[in-house]
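Data block below; observations after.
Residue numbers (my numbering): 24 to 173.
This is how it looks when you write it as structure tokens:
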């Protein structure tokens with residue numbers, strides 16, 4: 024049986040791609056032919072994954088809580104390839120000052136996702152939002168989450 028390369032020629036950025044779900048996603052994307060930017064704040068792990076996966080994986084320091092950091096990998100991909108096919112936002116920002124998602128009205132969340140889908144759909148960009156809760160790769164964040172809900 025021939026292995027089908029599903030993402031050949033595609034350019035992707037995966038945030039929080041240096042560990043956990045993000046690192047697994049990076050590996051799968053590269054195995055399927057994508058050119059991937061690993062965007063993360065974990066420099067050592069990101070560089071190691073990039074080196075191990077070869078020429079189709081590139082690491083860039085990216086802190087999603089800073090707008091300029093978010094723009095850097097996107098700008099780098101556009102300048103190198105002229106396009107970006109996949110933006111896989113695996114990173115999140117945990118802020119204890121934000122209300123619980125349980126306090127957010129379902130209509131507000133649905134409206135936000137629909138607005139993004141309509142706005143970006145005009146440019147051929149599909150918007151999918153799946154949020155199972157926080158899955159952290161940091162024990163500090165785990166401790167903060169547990170303390171909040173005790």
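Glycine included, every Cβ here is placed at the ideal spot set by N, Cα and C. All values derive from a computational prediction rather than experimental measurement.
Expected contact under 8 angstroms - CB spacing of residue i and residue j to nearest Å
i	j	result
residue 58	residue 34	5 angstroms
residue 37	residue 53	Incorrect: roughly 10 angstroms between the Cβ atoms, too far for contact.
Identified DSSP bridge partners for residue i
i	result
residue 58	34
Top-ranked residue by Cα proximity to residue i, from the options
i	options	result
residue 149	47, 56, 109, 64	109
residue 47	29, 69, 84	69
residue 62	32, 87, 51	87
residue 31	140, 56, 111	56
residue 147	134, 39, 64, 107	107
residue 44	129, 114, 134, 92	114
residue 95	41, 105, 84	84
residue 112	145, 130, 93, 104	93
residue 151	145, 136, 104	136
residue 104	128, 64, 60	60
residue 28	51, 133, 42, 140	51
residue 64	143, 145, 142, 40	40
Contiguous beta strand (DSSP E) assignments of at least 3 residues, all confined to the region 45-113: Those beta strand (DSSP E) runs which fall completely within the region 45-113 and span 3+ residues are 58-63, 80-84, 109-111.
Given 8 angstroms, three or more beta-carbon pairs between the region 71-80 and the region 94-103: Pairwise C-beta distances place the region 71-80 out of contact with the region 94-103, as fewer than three of them are shorter than 8 angstroms.
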